[in-house]
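Protein chains in written order, with my numbering: chain C, 136 to 285; chain E, 556 to 837.
All C-beta atoms in this analysis are idealised placements derived from N, C-alpha and C, irrespective of residue type, glycine included.
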């Protein structure tokens with residue numbers, strides 16, 4: 136997880152695969168943050184969740200929001216963008232870690248009344264995410280598709 | 556298809572597998588061999604010796620004190636661990652370069668190799684009583700074919716990705732269709748040219764097609780699964796992304812459920828954090 140209010144900063148998270156990248160930004164405070172989590176639920180291993188809460192959606196996402204609030208972001212102004220959650224070609228669904236990761240985020244956002252403003256999730260592409268702090272622009276590099284602005 | 560011969564011939568451009576390393580690995584297989592025998596072979600290659608020392612000192616092997624010489628390393632670590640350290644120290648150079656065709660920056664393919672090696676071991680602990688001796692090596696080397704196929708994938712990337720985008724082809728199948736050979740089959744040829752044991756050669760060939768492995772093959776399905784998990788974690792993956800096929804029969808064979816995959820990922824990250832020094836070798 137990275138958060139920043141530095142007007143010269145760009146936050147990057149590389150190669151999301153099935154993981155989810157969440158970027159949040161307050162355009163007034165010009166504060167942004169980014170989380171790259173790997174798994175949906177911390178109850179799978181509560182010990183690990185204590186030491187590495189950022190690994191899981193349910194423990195990591197609240198920490199991301201709190202860290203941005205600390206820098207002056209306000210919930211009502213926050214813009215949230217989400218990318219990643221890909222998976223290998225699998226009709227059976229046993230390998231769908233990406234889908235589970237994304238479902239966990241929707242659940243947490245819904246419970247906390249947060250909307251997803253833009254997203255690029257699923258499929259088999261690999262994505263790298265870049266959040267420009269002064270402008271709030273979120274760029275995605277998507278394997279096979281090139282760069283897009285989300 | 557006309558490229559196949561050119562592709563296979565380009566294996567010759569790879570640096571040869573060092574004779575020293577093959578000798579050292581053979582010596583470690585011989586129960587009668589001594590520490591001195593191994594040292595006498597390895598010590599003449601300074602680059603590999605330096606890598607071996609760095610690896611011995613990585614947190615992954617958990618030695619209580621720092622190893623300063625080959626002799627110390629050989630005494631403190633067992634033959635199995637030493638074999639994998641010498642092998643990894645030797646092959647790192649093949650995985651090191653940037654692979655433009657797959658859009659992998661320098662060192663990324665190495666990260667992918669090491670992560671797959673570690674995950675294969677985590678899986679093996681769950682599904683088998685003891686670790687098959689060739690497992691780690693097979694997992695480490697599974698994508699060696701990419702090191703050579705890379706430049707050809709670059710040449711035909713637009714055509715390959717167009718096939719993948721139809722949804723009917725995995726990246727592997729698109730490689731076969733456009734180039735007449737895929738990175739797994741090319742990897743098989745490389746491993747053969749290096750005189751690797753047959754079980755490793757086969758598992759490199761079938762690391763995306765575990766259903767074709769023989770009934771007695773205990774390493775290919777694990778390498779397959781380890782690779783799928785490494786891809787899912789986004790470690791060392793490039794333009795091919797996750798465009799490979801999921802084979803649920805492998806999960807069934809071991810009685811694994813989706814939540815087991817998540818548990819494997821958790822165990823993996825503990826160990827992956829300990830190999831950061833090893834990743835820096837590339």
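Cβ-based burial, residue 817 of chain E [other Cβ within 10 Å; buried from 16]: For the purposes of this step, residue 817 of chain E is identified with residue 262 of the second chain, where counting begins at 1. Per the 10 Å Cβ criterion, buried.
Which listed residue (E:577, E:795, E:803, E:611) has its alpha carbon closest to that of residue 626 of chain E: For the purposes of this step, residue 626 of chain E is taken as residue 71 along the second chain, with counting starting at 1. Measuring from the Cα of residue 626 of chain E, the nearest candidate turns out to be E:611.
The region 653–663 of chain E / the region 697–709 of chain E touching (three or more Cβ pairs under 8 angstroms): These segments touch.
Contact belief for residue 740 of chain E with residue 760 of chain E at Cβ below 8 angstroms, rounded distance in angstroms: Residue 740 of chain E sits at position 185 when you count from the first residue of the second chain. Residue 760 of chain E sits at position 205 when you count from the first residue of the second chain. At roughly 6 angstroms, the Cβ-Cβ gap stays under 8 angstroms, so residue 740 of chain E and residue 760 of chain E are in contact.
Proximity winner among E:814, E:601, E:776, E:835, relative to residue 805 of chain E (alpha-carbon distances): Counting from 1 along the second chain, the entry for residue 805 of chain E is found at position 250. Nearest Cα to residue 805 of chain E within the set E:814, E:601, E:776, E:835: E:776.
Reference residue 180 of chain C; option with closest CA among C:194, C:162, C:169, C:250: Indexing the first chain from 1 puts residue 180 of chain C at position 45. Among C:194, C:162, C:169, C:250, the Cα nearest to that of residue 180 of chain C is on C:194.
Length of the line joining the Cα atoms of residue 220 of chain C and residue 151 of chain C: Within the first chain, the letter at position 85 stands for residue 220 of chain C. Within the first chain, the letter at position 16 stands for residue 151 of chain C. When only Cα atoms are considered, residue 220 of chain C and residue 151 of chain C end up about 7 angstroms apart.
Partners in chain C for residue 824 of chain E, counting only beta-carbon separations shorter than 8 angstroms: For the purposes of this step, residue 824 of chain E is taken as the residue at position 269 of the second chain. Result: 173, 187, 190.
Same chain, Cβ closer than 6 angstroms to residue 232 of chain C, five either side skipped, listed in chain order: Taking the first residue of the first chain as 1, we reach residue 232 of chain C at position 97. Same-chain partners within the cutoff: 153.
Contact with chain E by residue 180 of chain C, beta-carbon distance below 8 angstroms: The sequence position of residue 180 of chain C within the first chain is 45, counting from 1. Yes, residue 180 of chain C lies at the interface with chain E (some Cβ there is under 8 angstroms from its Cβ).
Residue 603 of chain E versus residue 737 of chain E - alpha carbon distance: On the second chain, residue 603 of chain E is found 48 positions in, with the first residue counted as 1. On the second chain, residue 737 of chain E is found 182 positions in, with the first residue counted as 1. Rounded to the nearest whole angstrom, the CA to CA distance from residue 603 of chain E to residue 737 of chain E is 30 angstroms.
Chain E contacts made by the region 142–170 of chain C, where a contact means CB separation under 7 angstroms: Going along the region 142–170 of chain C in chain order, one finds 150, 151, 152, 153, 154 with a Cβ nearer than 7 angstroms to chain E.
Simplified DSSP state of residue 281 of chain C, which is helix, strand or coil: Your numbering for residue 281 of chain C matches position 146 in the first chain. Strand at residue 281 of chain C.
Limits of the alpha helix (DSSP H) - the one that residue 748 of chain E falls within: Within the second chain, numbered from 1, the residue matching residue 748 of chain E stands at position 193. In the DSSP assignment, residue 748 of chain E falls within the alpha helix (DSSP H) that extends over 738–748.
Close beta carbons around residue 573 of chain E, own chain, < 8 angstroms, minus the five adjacent residues each side: Taking the first residue of the second chain as 1, we reach residue 573 of chain E at position 18. So the list reads 600, 603, 645, once near-sequence residues are dropped.
Sheet register partners of residue 266 of chain C (DSSP bridge): As a first step, residue 266 of chain C must be located in the first chain, where it is residue number 131. Per DSSP, C:146, C:273.
Secondary structure, beta strand (DSSP E): runs of 3+ residues fully inside the region 782–825 of chain E: Runs found: none.
Rounded straight-line distance, which links the Cα of residue 166 of chain C to that of residue 192 of chain C: For the purposes of this step, residue 192 of chain C is identified with residue 57 of the first chain, where counting begins at 1. For the purposes of this step, residue 166 of chain C is identified with residue 31 of the first chain, where counting begins at 1. Rounded to whole angstroms, residue 192 of chain C to residue 166 of chain C spans 21 angstroms at the Cα level.
Supposed contact pair residue 285 of chain C and residue 238 of chain C - C-beta distance, whole angstroms, cut 8 angstroms: On the first chain, residue 238 of chain C is found 103 positions in, with the first residue counted as 1. On the first chain, residue 285 of chain C is found 150 positions in, with the first residue counted as 1. Rounded to the nearest angstrom, the Cβ distance from residue 238 of chain C to residue 285 of chain C is 20 angstroms, too far for a contact under 8 angstroms.
Alpha-carbon spacing of residue 283 of chain C relative to residue 224 of chain C, whole angstroms: Residue numbering aside, residue 283 of chain C sits at position 148 when the first chain is read from its first letter. Residue numbering aside, residue 224 of chain C sits at position 89 when the first chain is read from its first letter. If you take the alpha carbons of residue 283 of chain C and residue 224 of chain C, they lie about 23 angstroms apart.
8 angstroms Cβ cutoff, residue 279 of chain C in contact with chain E: Residue 279 of chain C sits at position 144 when you count from the first residue of the first chain. The beta-carbon of residue 279 of chain C is placed less than 8 angstroms from the nearest beta-carbon of chain E.
Beta-carbon neighbours of residue 300 of chain C, restricted to chain E and to distances below 7 angstroms: Lying before the first or after the last residue shown, residue 300 of chain C is absent from chain C, which here runs from 136 to 285.
Cross-strand partners of residue 191 of chain C (DSSP beta bridge): Here residue 191 of chain C refers to the residue found at position 56 of the first chain. Looking at the DSSP assignment, residue 191 of chain C forms a beta bridge with C:174.
Contact the region 676–686 of chain E vs the region 721–738 of chain E: 3+ CB pairs below 8 angstroms: No, they do not touch.
Partners in chain C for residue 719 of chain E, counting only beta-carbon separations shorter than 9 angstroms: Counted from its first residue, the second chain places residue 719 of chain E at position 164. Listed by position along chain C, the residues whose Cβ is nearer than 9 angstroms to that of residue 719 of chain E are 259, 279.
Per-residue contacts from residue 656 of chain E into chain C (C-beta, under 8 angstroms): As a working mapping, residue 656 of chain E is identified with position 101 in the second chain. Think of a sphere of 8 angstroms around the beta carbon of residue 656 of chain E: no beta carbon from chain C falls inside it, the nearest being about 12 angstroms out.
Straight-line Cα distance separating residue 748 of chain E from residue 562 of chain E: Locating residue 562 of chain E in the second chain gives position 7, where the first residue counts as 1. Locating residue 748 of chain E in the second chain gives position 193, where the first residue counts as 1. For the pair residue 562 of chain E and residue 748 of chain E, the Cα-to-Cα distance works out to about 14 angstroms.
Chain C contact for residue 731 of chain E (CB, 8 angstroms cutoff): Counting from 1 along the second chain, the entry for residue 731 of chain E is found at position 176. It does not: the Cβ of residue 731 of chain E has no partner Cβ on chain C nearer than 8 angstroms.
Neighbour-count burial assignment, residue 146 of chain C, 16 or more Cβ in a 10 Å radius: For the purposes of this step, residue 146 of chain C is identified with residue 11 of the first chain, where counting begins at 1. When all chains shown are included, residue 146 of chain C counts as buried.
Beta-ladder partner(s) of residue 137 of chain C, from DSSP: In the first chain, counting from the first residue as 1, residue 137 of chain C sits at position 2. Bridge partners of residue 137 of chain C according to DSSP: C:169.
For residue 754 of chain E, the first and last residue of its enclosing alpha helix (DSSP H): Along the second chain, read from residue 1 onward, the residue named residue 754 of chain E stands at position 199. Note, residue 754 of chain E: alpha helix (DSSP H), 753–760.
Stretch pair the region 689–702 of chain E + the region 752–766 of chain E: three plus CB contacts closer than 8 angstroms: Flag = yes, the region 689–702 of chain E and the region 752–766 of chain E touch.
Residue-chain proximity (residue 813 of chain E, chain C), Cβ-Cβ < 8 angstroms: On the second chain, position 258 is the one that residue 813 of chain E refers to. Yes, residue 813 of chain E lies at the interface with chain C (some Cβ there is under 8 angstroms from its Cβ).
Length at least 4, wholly inside the region 557–622 of chain E: the alpha helix (DSSP H) runs in chain order: Listed in chain order, the alpha helix (DSSP H) runs fully inside the region 557–622 of chain E are 558–564, 574–584, 590–597, 601–611, counting runs of at least 4 residues.
Residue environment, residue 623 of chain E, which counts as buried when at least 16 other CB atoms sit within 10 Å: In the second chain, the residue the question calls residue 623 of chain E occupies position 68. Exposed is the call here.
Strand pairing of residue 219 of chain C, partner residues [DSSP]: On the first chain, residue 219 of chain C is found 84 positions in, with the first residue counted as 1. Per DSSP, the beta-bridge partners of residue 219 of chain C are C:155, C:256.
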